[in-house]
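One structure below.
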Amino acid sequence: MVNKNFWKPIIHSSTALVLLTTLNTAWPLVSLAQSRLQSKVNSASSSLFTDYLLGGGDRIRVNVFEAPEYTGEYQIPPGGEINMPLIGSIPVSGLTTQQAADEIARRYARFLKRPLISVNLLAPRPINIFVAGEVTRPGSYSLSLQGTGGNNPGVQYPTVLAALTTAEGVTLAADVTKVQLRRKVGRSGEQVVNLNLKEITQTGRIPIDITLRDGDTIFVPTATDFNVAESRNLFAASYAASRTAPRKVAIIGQVDRPGSYFLGGNDSAGLPTLMRAIQLSGGITSQADVRNIKIRRPTRTGKEQTLNINLWELLQNGDSNQDVVVQEGDTIIVPTVTQVNRAEVTRLAATTLAASRTAPRRVAIIGQVFRPGSYLVAAGGGNDSGNDSGGLPTVMRAIQLSGGITSQADVRNIKVRRPPTRTNKEQTLNINLWELLQTGDLDQDVVVEDGDTIIVPTATEVNTAEVTQLATTTLSPATIKVGVVGEVKKPGVTDLQPNSSLNQALLAAGGFNDARASSSSVDLVRLNPNGTVTKRAVKVDFSKGINEETNPILRNNDVIVVNRSVLARTGDALGAVTAPLAPIFSVISLFRLLGL
Numbered sequence: 116m117v118n119k120n121f122w123k124p125i126i127h128s129s130t131a132l133v134l135l136t137t138l139n140t141a142w143p144l145v146s147l148a149q150s151r152l153q154s155k156v157n158s159a160s161s162s163l164f165t166d167y168l169l170g171g172g173d174r175i176r177v178n179v180f181e182a183p184e185y186t187g188e189y190q191i192p193p194g195g196e197i198n199m200p201l202i203g204s205i206p207v208s209g210l211t212t213q214q215a216a217d218e219i220a221r222r223y224a225r226f227l228k229r230p231l232i233s234v235n236l237l238a239p240r241p242i243n244i245f246v247a248g249e250v251t252r253p254g255s256y257s258l259s260l261q262g263t264g265g266n267n268p269g270v271q272y273p274t275v276l277a278a279l280t281t282a283e284g285v286t287l288a289a290d291v292t293k294v295q296l297r298r299k300v301g302r303s304g305e306q307v308v309n310l311n312l313k314e315i316t317q318t319g320r321i322p323i324d325i326t327l328r329d330g331d332t333i334f335v336p337t338a339t340d341f342n343v344a345e346s347r348n349l350f351a352a353s354y355a356a357s358r359t360a361p362r363k364v365a366i367i368g369q370v371d372r373p374g375s376y377f378l379g380g381n382d383s384a385g386l387p388t389l390m391r392a393i394q395l396s397g398g399i400t401s402q403a404d405v406r407n408i409k410i411r412r413p414t415r416t417g418k419e420q421t422l423n424i425n426l427w428e429l430l431q432n433g434d435s436n437q438d439v440v441v442q443e444g445d446t447i448i449v450p451t452v453t454q455v456n457r458a459e460v461t462r463l464a465a466t467t468l469a470a471s472r473t474a475p476r477r478v479a480i481i482g483q484v485f486r487p488g489s490y491l492v493a494a495g496g497g498n499d500s501g502n503d504s505g506g507l508p509t510v511m512r513a514i515q516l517s518g519g520i521t522s523q524a525d526v527r528n529i530k531v532r533r534p535p536t537r538t539n540k541e542q543t544l545n546i547n548l549w550e551l552l553q554t555g556d557l558d559q560d561v562v563v564e565d566g567d568t569i570i571v572p573t574a575t576e577v578n579t580a581e582v583t584q585l586a587t588t589t590l591s592p593a594t595i596k597v598g599v600v601g602e603v604k605k606p607g608v609t610d611l612q613p614n615s616s617l618n619q620a621l622l623a624a625g626g627f628n629d630a631r632a633s634s635s636s637v638d639l640v641r642l643n644p645n646g647t648v649t650k651r652a653v654k655v656d657f658s659k660g661i662n663e664e665t666n667p668i669l670r671n672n673d674v675i676v677v678n679r680s681v682l683a684r685t686g687d688a689l690g691a692v693t694a695p696l697a698p699i700f701s702v703i704s705l706f707r708l709l710g711l
């Protein structure tokens, strides 16, 4: 029980009695130290064990106040035992500084009377922790401690937030309300503490930022539900992944240039959001369904999160939460709308979501236009070069490029055939430009897309009043062509302003040939929408204004025939009869001149 050799130097019994008393008083100290250590283990389930535990790599100072010669500094080796004078090897790994002091006191109690021992931490060792789950770089990390003195005074321990920052922050798929800190207790025990980092984001206070100990594990779970409002808050948190780090995302569906793109957060464009990704891809097409955009986000569990985004809500009501921040590996899907809403298409075309407003797009236009064919329609639409500015590349601009509608056009039933897409069949848009002209419904003048075919059908029945109105609009050509043939001074094709009358056409042709023209009436020849040709006699009266009987409004490609008068026809007939006798009369006239 007590080393017999120790008693040999002792001569006086009184001295022996004192030493025995010292030993007897030391044993309660031993029991106290053991009970304190055991209580820490038992209470681990109710409160987090936070005392610093010594381990290999720590540098400590052991003060033996009764015997200063035994005082010294020690570097705890990996095995966790230090070798002290007189008492030899003492295991201190896994003990607090107070527990280590109690254990050393227990050992020295065999040699010293009521030994007073203190253990001071001079240089704490780095602690090893593991960060798992929804962080940018999961793995093992070695974190340094700072501070010296006493049991723990002045020691600054790494915190949960510092560890998350070292792991380059949490991902946007993280559930920061259920972060777990797992701490080993004893040889086989484990303590789990749930942390709600959202409180830090909301309040700015850090009441839950628990300090770490060697062997701790931080686990950040994957969120089961996605809240668009909290996404931006998480992105702005101090423990989130770097804002400026570039991130690669893929974008597919109804955008101008599907593919993968890098987004950064350190330029003038602002946050790396969904709208920025769409803008990089050239913008949405007119078939995009912006109410049902989806973001597929990979998680650390190997599964995917699916985020449902409604950018129409952002555009209409300013809900900026819909413009979520994207993350590395996100796939953005812009679906095809099942039914085109012309009003929405027009509004979307004017937003920053849409494809370039000035980029020319190739369309075909057929039917009742003056120059059917293929055209490049750009903003402004004034020419085929794509350099115009102002306005949108719409159906009306395409019609203007094709020379305008003919008088046989049915502007109530224009169709725009949109070619099949990657995810949808061919679409047909029904356009009523008469509604636009009458009520100002700009939604009818839809923005064209590359590959569109515009069909201007033939009217089954022509309304004269409507034709007259259409002739004054920008849908019609700037001039119409009317043929004036027969007995006029300048026969041929004449360019006239739309809504010009028959009298104006006759005057433009130089007027009647007075010696030969039948000036009382002319024939008006017109090509009808159904392909038939009509011819009617119109009495000419230059004193009358525009009216259907004597001075009708002309349409493009009308032909006016000015017939010969009766006298001119008779003269022409006689000329035809006497024409064969002309040589004989010429010979007789010659003989008379010669006096023969």
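Residue numbering for the sequence shown follows our numbering, starting at 116 and increasing by one per position. Where a beta carbon is used, it is the ideal one built from N, C-alpha and C, also for glycine. Values in this document were obtained by computation on a predicted structure and should not be read as measured data.
Rounded to whole angstroms, the separation of the alpha carbons of residue 434 and residue 252 is 32 Å. Judged by DSSP secondary structure, residue 480 falls within the beta strand (DSSP E) whose first and last residues are 476-482. Annotation: the continuous beta strand (DSSP E) that includes residue 309 extends over 304-310.
A direct Cα-to-Cα measurement between residue 245 and residue 330 gives close to 7 Å.
Secondary structure at residue 638: strand, using DSSP grouped into helix, strand and coil.
When 490, 196 and 585 are compared, the shortest CA-CA separation from residue 553 is found for 585.
Using a Cβ distance threshold of 7 Å, residue 284 and residue 360 do not count as a contacting pair. Between the stretch 364-374 and the stretch 444-452, the count of Cβ pairs shorter than 8 Å is three or higher; the stretches touch.
Around the beta carbon of residue 662, a 10 Å sphere encloses fewer than 16 other beta carbons of the protein chains shown; the residue is thus reported as exposed. Under the DSSP assignment, residue 490 falls in the beta strand (DSSP E) whose first and last residues are 488-492. The Cβ atoms of residue 597 and residue 677 do not sit closer than 7 Å to each other. If you check the CB distance, residue 476 and residue 508 come in under 7 Å. According to the DSSP assignment, residue 291 belongs to no beta strand (DSSP E), since it is labelled neither H nor E. For residue 198, there is no enclosing alpha helix (DSSP H); the residue is found in the beta strand (DSSP E) stretching over 196-199. Residue 648 sits exposed, since fewer than 16 C-beta atoms from the chains shown fall within 10 Å of its C-beta. In the DSSP assignment, the residues bridged to residue 573 are 524.
Bridge partners of residue 601 according to DSSP: 677.
Considering only 672, 439 and 634, the residue with the shortest C-alpha distance to residue 342 is 439. Exclusion of the five residues before and after residue 259 leaves 241 as the residues of its chain whose Cβ lies within less than 7 Å of its Cβ.
If you compare the alpha carbons of 516, 313, 405 and 295 with that of residue 351, the shortest gap goes to 313.
Here the C-alpha atom of residue 304 lies approximately 53 Å from the C-alpha atom of residue 396. One alpha carbon belongs to residue 218, the other to residue 339, and they sit about 49 Å apart. In the three-state reduction of the DSSP assignment, residue 191 falls in the coil class. As a beta-bridge residue in DSSP terms, residue 542 pairs with 533. Listed as beta-bridge partners of residue 234 by DSSP are 177. The Cβ atoms of residue 332 and residue 362 lie no closer than 7 Å to each other. For residue 254, DSSP records a beta bridge to 246. In this structure, the CA atom of residue 192 is about 5 Å from the CA atom of residue 171. For residue 275, the enclosing alpha helix (DSSP H) stretches over residues 275-281. Beta-bridge analysis with DSSP links residue 668 to 616.
Distance from residue 461 to residue 567 at the Cβ level is roughly 15 Å; contact not present, criterion being Cβ atoms closer than 8 Å. When secondary structure is reduced to three states using DSSP, residue 183 falls in the helix class.
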